[in-house]
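Using UniProt numbering, the first residue of the sequence shown is number 6, and each one after it goes up by one.
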Amino acid sequence: WVLMVTAQTPTNIAVIKYWGKRDETLILPVNDSISVTLDPDHLCTTTTVAVSPSFDQDRMWLNGKEISLGGGRYQNCLKEIRSRACDVEDTEKGIKIEKKDWQKLHLHIASFNNFPTAAGLASSAAGFACLVFSLAKLMNLKENQSQLSAIARQGSGSACRSLFGGFVKWILGKLMLVPSQHLQEGNGSDSLAVQLVDEEHWNDLVIIIAVVSSRQKETSSTTGMRESVETSLLLQHRAKEVVPKRIVQMEEAIQNHDFSSFAQLTCADSNQFHAVCLDTSPPIFYMNDTSHRIISYVERWNRSVGSPQVAYTFDAGPNAVLIARNRKIATELLQRLLFFFPPNSETDLNSYVLGDKSI
Ligand code: DP6
């Protein structure tokens, strides 16, 4: 027999960024972060997990190619989930799996992204969230979404925020705040995601992603943030002084549908994150000339109207994530972008991703 579960999880885009870990193994951040989860059918991962007594080892395929599950992050997630597995019974198929059986049974995992991995768009967030969610369903875990997010966090930090729709906060947690006090202070299990508002709360917003480069980023987020933690004084200042205030203001802006504050905070936080990258030794450059030109263009547009119409934010790469205040502005934005930044080699732009349509 084979028992299977399939799940689909969208990616999320941080508007207050996570950058820096206080514990690398458990993936505990130095500051809270807030993100917006894209609609389920846009930029998502679909994962099928299967269990059968005929499987002789755990195996995983990503976009049809087998990958190694040897990496610590996969093993950490699998271990956490197996230890919480419960009895499962499928009377129709006559299958009964007892709690203790999960330690011996092996899993096959097949995961697909509905966007080209080569597009350079974040995939680890949706990937680990989907893996944890589908395994939790298969193994009948009793944990709630926030508790599951603390497991997904151990796969990739940003993944914990993809367990919820709408706007989501990843709380840094108090346990293990001081790395040298590991044993006394527990396992960081209070570092988890909570939903701030659901997907209906602010559904005017439209997200357009300008795919600036399809090349793999030179410095991975994991390596980049390690180097920033070791060398950037600005990161320390940001984590202690800046982000705590911004989190409060951002939560307020979201609750009140206050697009002006939302856009101002989102752009400022993206810019500060990239300033931290420049403050890292050696400096890390994620944005390129095209990214900078898009920022200048949006800033000029917002200023000419007198109030922000569009927010921009950039993760660990040159792609621009643009958040328009409503559908009308999104249409106008897309027209302007296609005119001033047509996708071709001269503009160094590949395509625009608007929801599930590429242009
Ligand atoms: C710039 O979650 O990819 O996108 O925890 O090491 O897997 P790891 O890093 P990852 O970092 C994401 C960084 C970011 C900002 C964000 O999503 O908050």
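Ideal Cβ positions, reconstructed from N, Cα and C, are used throughout, including at glycine.
Simplified DSSP state of residue i, which is helix, strand or coil
i: residue 330; result: coil
i: residue 206; result: coil
i: residue 26; result: strand
i: residue 349; result: coil
i: residue 32; result: coil
i: residue 289; result: coil
i: residue 145; result: coil
i: residue 166; result: helix
i: residue 188; result: Residue confidence for residue 188 is low, a pLDDT of 46 falling below 50, so the modelled location carries little weight; the figure read from the coordinates is stated next. Residue 188: coil per DSSP, three-state reduction.
i: residue 224; result: coil
Whole-angstrom distance between residue j and residue i, CA atom to CA atom
i: residue 234; j: residue 21; result: 17 Å
i: residue 329; j: residue 341; result: 13 Å
i: residue 76; j: residue 312; result: 47 Å
i: residue 270; j: residue 339; result: 22 Å
i: residue 279; j: residue 140; result: 35 Å
i: residue 131; j: residue 332; result: 25 Å
i: residue 305; j: residue 137; result: 42 Å
i: residue 84; j: residue 290; result: 36 Å
i: residue 144; j: residue 79; result: 16 Å
i: residue 350; j: residue 92; result: 56 Å
i: residue 334; j: residue 95; result: 50 Å
i: residue 296; j: residue 321; result: 12 Å
Contacting residues, own chain, Cβ-Cβ under 7 Å from residue i (five flanking each side not counted)
i: residue 134; result: 14, 157, 164, 167 and 168
i: residue 108; result: 87
i: residue 264; result: 313 and 330
i: residue 207; result: 259 and 262
i: residue 67; result: 116
i: residue 286; result: 236
i: residue 241; result: none
Spatial neighbours of residue i in its chain, beta-carbon cut-off 6 Å, leaving aside the 5 residues before and after
i: residue 7; result: 55 and 57
i: residue 64; result: 113
i: residue 248; result: 36
i: residue 142; result: 10
i: residue 119; result: 49
i: residue 244; result: 35 and 36
Cross-strand partners of residue i (DSSP beta bridge)
i: residue 172; result: 41 and 202
i: residue 9; result: 55
i: residue 356; result: 216
i: residue 49; result: 15
i: residue 211; result: 329
i: residue 21; result: 39
Other residues of its chain near residue i: CB distance less than 8 Å, five sequence neighbours each side excluded
i: residue 192; result: 31, 180 and 181
i: residue 317; result: 271, 272, 275, 299, 300, 303, 325, 326, 327 and 328
Any C-beta of chain D under 9 Å from that of residue i
i: residue 98; result: Absence of chain D from the displayed structure is noted, only one protein chain being present.
> Where in the segment 299–347 do unbroken runs of the beta strand (DSSP E), each at least 3 residues long, occur, reported from the N-terminal end onward?
Replying inline: Counting only unbroken stretches of 3 or more residues, the beta strand (DSSP E) elements lying wholly within the segment 299–347 are 315–318 and 325–329, in sequence order.
>> Report the start-end ranges of each alpha helix (DSSP H) in the segment 55–131 that is 4 residues or longer and not cut off at the edges.
In response: Segments of the alpha helix (DSSP H) lying fully in the segment 55–131: 77–89.
> Which runs of the alpha helix (DSSP H), 4 residues or longer, sit entirely within the segment 239–265?
Replying inline: Listed in chain order, they are 248–260.
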